[in-house]
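Chains as they are written, first to last, in the numbering used here: chain G, 1 to 196; chain D, 197 to 392.
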DNA sequence: TAATTATATTTGCAGTGTTAATAATTTTAG
DNA sequence: CTAAAATTATTAACACTGCAAATATAATTA
């Protein structure tokens, strides 16, 4: 009965791949049962044989994008000198990722996790998304005593809420109005939270 | 031709009132053209004689709620001693308002301003929402030299993004899981940003 | 009172998510 | 290798959504 499992997993993945493509390309609002099934090469009702509802399917994509984001960030901050400088570069790259793919921002922070497939694992992944992406940077700062260990958790929280708040305002409320202003604001906030 | 205007304004207000009621009660997801028109006592197509689309109608409610929020906050923080203490109480009351009315949080921070009625005035109002609610508190702190004047704008930004970020995580991502944990986190963040 | 204008409603269309009944396929049993 | 059983995919249908054009009603003006 192992074949059944890997076959099911394969078909599930066709739907997930289709969803990911739509999310990255046209955005969250373009993800619909019919649209996804079309791209996956199945009838729309077939989707319900593999996922409880469209919401479950959408949130299944979170872990893939988180992984992709991690690689994206690592590629952008690897050249920087380790320490608070690279930490800031990682945060900046994290922000860059979501500005580049607004559909993924919508998925991570705006989409409502309703219906049968609440997928609390995905919600947890999102809550720890920035921490996860910056994990190595934080660890280095602790090892090298660049930041007092007892401050780390508080700093992580500050960064998490501040970054998410700025992204929310910029992506969803057109504030600030220009991308340059936005980046300036991000750097200012980062410098306020992460001294040196 | 003044009668025409006040009549039109009256009917517009019937739709706005209905929308506000639904937003506060059942939430943003319950606001639909049919639902609003039903409650307003009109056919749903009539709505389009007074508003470009449902999105415009929704964002028209922002100023009313902002006003209501201001009164809500003032009532909760008026007893506190002026200064940073009352400032923190105001921020806490602001958060309390949106936790009490999730539909209004959805409107302020989650709803997509798409379609014909982008209503950039409403977006600006939202961006300055917390600053507006805390205006008196900030002014008092400046007058009494409780906070260096050159820090004010940066502190406002920090508070704005941090508070919105925390609200977003708590309301939309179930993080933290309990209300007590959430309040503890809010207080911690506030104390970090506003010293004394 | 009749014609004109303004307002409201009905009808219709193209979407959405989801489910039940049906069709096609694959697997199992004889 | 064929017949029955189980699995999987599809069509049809329902109740929604936002929105627009055509139609009906009401109010205003001539």
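Ideal Cβ positions, reconstructed from N, Cα and C, are used throughout, including at glycine. Source: prediction; values computed, not measured.
Residue i - containing alpha helix (DSSP H), residue span
i: residue 55 of chain G; result: 54-77
i: residue 319 of chain D; result: 316-323
i: residue 87 of chain G; result: 84-100
i: residue 236 of chain D; result: 229-236
Residue i - DSSP class collapsed to helix/strand/coil
i: residue 194 of chain G; result: coil
i: residue 177 of chain G; result: coil
i: residue 341 of chain D; result: coil
i: residue 349 of chain D; result: helix
i: residue 80 of chain G; result: coil
i: residue 162 of chain G; result: helix
i: residue 14 of chain G; result: helix
i: residue 136 of chain G; result: helix
i: residue 205 of chain D; result: helix
i: residue 308 of chain D; result: coil
i: residue 21 of chain G; result: helix
i: residue 223 of chain D; result: coil
i: residue 246 of chain D; result: coil
Residue i, buried or exposed, once every other Cβ within 10 Å from all chains shown has been counted against 16
i: residue 191 of chain G; result: exposed
i: residue 189 of chain G; result: buried
i: residue 413 of chain D; result: Missing from the structure shown is residue 413 of chain D; chain D here goes from 197 to 392 and no further.
i: residue 376 of chain D; result: exposed
i: residue 103 of chain G; result: buried
i: residue 225 of chain D; result: exposed
i: residue 277 of chain D; result: exposed
i: residue 7 of chain G; result: exposed
i: residue 218 of chain D; result: buried
i: residue 335 of chain D; result: exposed
i: residue 280 of chain D; result: buried
i: residue 119 of chain G; result: buried
i: residue 239 of chain D; result: exposed
i: residue 71 of chain G; result: exposed
i: residue 369 of chain D; result: buried
i: residue 244 of chain D; result: exposed
i: residue 241 of chain D; result: exposed
i: residue 122 of chain G; result: buried
i: residue 312 of chain D; result: exposed
i: residue 285 of chain D; result: buried
i: residue 149 of chain G; result: exposed
i: residue 86 of chain G; result: buried
i: residue 288 of chain D; result: buried
i: residue 306 of chain D; result: buried
i: residue 303 of chain D; result: buried
i: residue 380 of chain D; result: exposed
Closer than 7 Å: residue i CB and nearest the ligand MN heavy atom
i: residue 118 of chain G; result: What this structure holds is no ligand at all, so the ligand MN is not there to describe.
Contact between the stretch 148-163 of chain G and the stretch 320-327 of chain D: three or more CB pairs below 8 Å? no
Three CB pairs or more closer than 8 Å across the stretch 130-140 of chain G and the stretch 325-338 of chain D: no
Decide if the stretch 1-19 of chain G is in contact with the stretch 28-37 of chain G; the criterion is three or more beta carbon pairs, one per stretch, under 8 Å apart. yes
Closer than 8 Å is the cut-off here; do at least three beta carbon pairs connect the stretch 90-107 of chain G with the stretch 70-82 of chain G? yes
Given 8 Å as the limit, is there contact between the stretch 140-152 of chain G and the stretch 360-374 of chain D, that is, 3 or more CB pairs closer than that? no
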